[in-house]
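Protein chains in written order, with the UniProt record's numbering: chain A, 1 to 277; chain B, 1 to 229; chain C, 1 to 407.
The C-beta atom is built at its ideal place from N, Cα and C for all residues, glycine as well.
A short write-up of the structure that comes next.
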């Protein structure tokens, strides 16, 4: 356990720079987006009111107040989120492959640590989770800050304030990343963890058997996905909705746990018996 | 005792190791000699469970490799396996973190012995110094066995001397050492036992001392006899 | 410990930030006002079976977020609060009761009230199954999927049968299921495709349960193909129930198609009620002073049709007894002092009792609930929708009632 924590910390220190860069880009671009979008709106308001001589009230009914929605739906806001998602997706592969590249192949050291090799797997998957949740947590902190910037930028009468929850529920993409209930958070990120564990297994297959491993990895992933969705497929096409939704839900959770456990076991087996430096 | 029994290793269809058996004892320096590409590195990796073998068995003190084994056997590969942007101190800290067998005092001693600067980044080190750090990380562990893969290859003369000095020091005393090399000159006088590898097999396993005393043959003489005779 | 600060810090931030967010959202969910039905007069027992389904749109300018809720005499239940609620779905109370009571039988059955029939001996289910064609999206191979539960011995009888003349059907769906004299009647809406035209018709399939075969089937009403006219027929069902009745009631609406230079529109020219007796297969137009041009048909309980209309500020409910084709005593009520003509009240009639509620309430518009006995004309309950705690009172919100169930 202690060694696991040490490894988690060690792995985190290896990614911390990338992580900080992602946070930085998110902060800068999103805040810039708030400022630019607000300015755009205010400039338009100025133009309409002062040059086209539209009364203020008329302008507000025609163009609406400025709210966070204008920002949330812009590339300024969504772009950094997409970048972070891509960064994490990329790092899922990099977290393994970086140990095998270069002349200082670090995987020697990792495999020679006097601890169970399961810990290597757990430490890496924990890091993906920490990174992901870290980005989510940061976005949750950023939102109220950005709302504050918006308040400074746009006068009261032109502004329509939104709560954090409302911002999040207003676009579905954001609502997937930050679901509106804690149970969903666990379910979504649990599913994500399962997906990452499948990918890790496929990567370790490639590392163990090279070309053949890629094929094995693809087959393993396909089987894992099929096993996971098999209850839904059966329900839909064979069983004619035999299960009540609640039962299907429980079965799905059981399937997810099975797939996760199989991936962990398989990865452990590969690390112990099949992987090669 | 490290026992390598009938080990077979394939890369694809090519058999790198066909049937390799030998033993290496504690307190002795065993030298694996063979030309490049004969599978010496693979053999060391196999002993450390870093690569699977297709057949045979490897036992360390009568047991197959498990997680605890890494507290009593260390491998010094031909390249330093640490993260390049760590400093030497950080690398030592890392080792101290994970190995109970890490010996701080000895690490400090080695640091002085090799005249290395703690705060240097690994990526900025010269070849010779990198090899020394590599040696430091492997030797500062209080382990019974040390495996070294080509410790002298591609290193300047002065560094070689320094490294060779390690073998005569207390740093090696009482440990079992397996060392691989394709040129035996630098350490000929140090080694106790020689295992000649060729074409994936052990062609000869002999006691260097005995050969010297009984037959008046140096290691190179024996090798000449095996390869050319 | 110094070594671990980065990792520790980020985990602390994660826990703090995500924790705060969900704790806050849980608190704000609790801040949704609790709506209750406040009794003004009458017996609060009368609203026990009542379930109002609706939406709450919160204060401030956050009109984007609307929360669905259920109001019963116990208070308010915000349904989208939990993910599981949404996942499980919320079947109507009738279906929910059936699922609770006949858990095994209800398995795999489409949760729609119209597909079920229940009497003391039996619970019956019928639905249409079909395949999507291999090389076209055209559906084919229509079959009835029928299940019968014998309540006395708990035995289930399930079978499927080919729908006669299924080749001609473009689409078919079940509108009602009835057992009369031991025979299963499935009332469907069929879209029939002939050689040259498509039309909708109401069809009754009578199935011999013993022999599992279609004994008889006929169209109750098939429109005559006339140009410039359109005829629509609609089954009047007793509200949200699975109860038995021998007679079906259908509303036929004829429309004239008017082709203007700019558009095509339909103008209603005639409405009439048609009854169909499942036992005798007799059908006929119901004569009588129904005044269908003014009245809306709002409910039918198997023997009585309830007609509603707005008369000034009052709503008038007129019962029409099918047996003797007589108009009963009209019941007049006024839901509020300032009736909202744009949003007429929602009405349900069950077991001779009228349940009516406003469709919208906010701080300016009152929401009222009335329960009345239509036989005696007596108002049994009168109440107001309101926020339970006075301190939760808000200025700017809207409550919409979209549906009403009587359990």
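- C-alpha of residue 276 of chain A to C-alpha of residue 266 of chain A: approximately 15 Å in a straight line.
- For the beta strand (DSSP E) assignment, the uninterrupted runs of no fewer than 3 residues enclosed by the stretch 284-333 of chain C are, from N- to C-terminal side, 296-300, 304-311, 314-321 and 331-333.
- Judged by DSSP in its simplified three-state form, residue 96 of chain C adopts helix.
- DSSP places residue 194 of chain C outside both helix and strand once states are collapsed to three, so it counts as coil.
- Residue nearest to residue 358 of chain C within the set C:374, C:173, C:373 and C:382 is C:382 (criterion: CA-CA distance).
- Along the length of the stretch 117-166 of chain A, whole alpha helix (DSSP H) runs at least 4 residues long occupy 118-153, reported in chain order.
- If one requires a minimum length of 4 residues, the alpha helix (DSSP H) runs lying completely within the stretch 23-69 of chain A are 56-63, in chain order.
- DSSP places residue 96 of chain B in the helix class (H, G or I) of the three-state scheme.
- Proximity to residue 71 of chain A across A:125, A:88, A:146 and A:84 peaks at A:146, based on C-alpha coordinates.
- Cβ atoms of residue 260 of chain A and residue 153 of chain A stay farther apart than 8 Å, at about 46 Å.
- Checking the DSSP bridge columns, you'll see residue 75 of chain C partnered with C:72.
- Chain-ordered, the chain C residues with CB closer than 8 Å to the CB of residue 134 of chain A read 10, 13 and 14.
- Boundaries of the beta strand (DSSP E) harbouring residue 266 of chain C: 264-277, taken from the DSSP string.
- The bridge partners DSSP lists for residue 121 of chain B are B:87.
- Boundaries for residue 110 of chain A: no beta strand (DSSP E) harbours it, while the alpha helix (DSSP H) harbouring it runs 107-111, taken from the DSSP string.
- Between residue 89 of chain B and residue 132 of chain B a beta carbon distance of about 15 Å is seen, past the 8 Å cut, so the two are scored as non-contacting.
- Within 8 Å of the CB of residue 87 of chain C, the CB atoms of chain A belong to 245, 246 and 249, in sequence order along the chain.
- The C-beta of residue 233 of chain A has fewer than 16 other C-beta atoms within 10 Å across all chains shown, which makes the residue exposed.
- If you compare the alpha carbons of C:113, C:37, C:160 and C:101 with that of residue 76 of chain C, the shortest gap goes to C:37.
- Under the 8 Å Cβ criterion, the stretch 319-327 of chain C does not count as touching the stretch 8-28 of chain C, having fewer than three qualifying pairs.
- Just so you know, the alpha carbons of residue 297 of chain C and residue 187 of chain A end up roughly 47 Å apart.
- Note on the stretch 14-68 of chain B: whole alpha helix (DSSP H) runs with a minimum of 4 residues are 40-47, in chain order.
- In this model, residue 93 of chain A and residue 202 of chain A are separated by some 10 Å (Cα to Cα).
- Under DSSP, residue 231 of chain C forms a beta bridge with C:254.
- Shown here for residue 161 of chain C: same chain residues with a beta carbon closer than 8 Å to its own, the five before and five after excluded, namely 143, 144, 146, 207, 212, 213 and 214 in chain order.
- When secondary structure is reduced to three states using DSSP, residue 215 of chain B falls in the helix class.
- Ranked by Cα distance from residue 247 of chain A, the options C:95, C:93, C:103 and C:16 are led by C:103.
- A direct Cα-Cα distance of roughly 14 Å separates residue 220 of chain A from residue 211 of chain A.
- Contact check for residue 151 of chain C and residue 107 of chain C: beta-carbon distance about 17 Å, past the 8 Å limit, so the pair fails to qualify.
- Beta bridge pairing from DSSP links residue 57 of chain C with C:66 and C:398.
- Annotation for residue 182 of chain A: the continuous alpha helix (DSSP H) segment containing it runs 182-233.
- Along the stretch 57-90 of chain B, the positions whose C-beta sits under 8 Å from a C-beta of chain A are 67, 68, 69, 70, 71, 74, 75, 77, 79, 80, 81, 82, 83 and 84, read in chain order.
- In the DSSP assignment, residue 346 of chain C forms a beta bridge with C:357.
- The residues 193, 196, 197 and 200, in chain order, have a CB closer than 8 Å to that of residue 125 of chain A in the same chain once the five nearest residues on each side in sequence are set aside.
- Listed along the chain, the chain A residues whose CB falls inside 8 Å of the CB of residue 84 of chain C are 183, 246 and 249.
- Three or more beta-carbon pairs separated by less than 8 Å are not found between the stretch 95-112 of chain A and the stretch 200-216 of chain B, which leaves the two stretches without contact.
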